[in-house]
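Trainee: One structure, as structure tokens, below. Some questions next.
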Amino acid sequence: LRNIEAEKEIEQIKKNIRKLKEKLKEKSSSFAIEIYKYLDSVELDNLKWQNPLASQVITDEFVQTLSKKSGDENVYKSFKEPLN
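Number 73 in the working numbering belongs to position 77 of the sequence shown; there are no gaps in the numbering.
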């Protein structure tokens, strides 16, 4: 029973990530592209609900961390428009 619940949870998280990627694909900002690339590299089977990305939530902390990883602090500023 736990395996079935875990599989359903993973499928829902994968669905959420697909939806988030669809929204990001519509954006042309360099940071939207960075987030999209990051999502491509995430091992979705290991993503848990405790991670806001699993619920399509992009937190300020995540944005700042990814901006620093990209090496371009201006990228952070380019991603202020809501995804809708």
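Beta carbons are placed, not taken as given, at the ideal position from N, Cα and C, and that holds for glycine.
(1) Rounded to whole angstroms, what's the CA-CA distance from E69 to I0? Just pull it up for me.
(2) Where I54 and A2 are concerned, what is the direct C-alpha to C-alpha distance, given to the nearest angstrom?
(3) How big is the Cα-Cα spacing for Q52 and K19?
(4) Taking the straight line between their C-alpha atoms, what separation do you get for S66 and I31?
Mentor: Reading off the structure:
(1) 42 Å
(2) 23 Å
(3) 10 Å
(4) 10 Å
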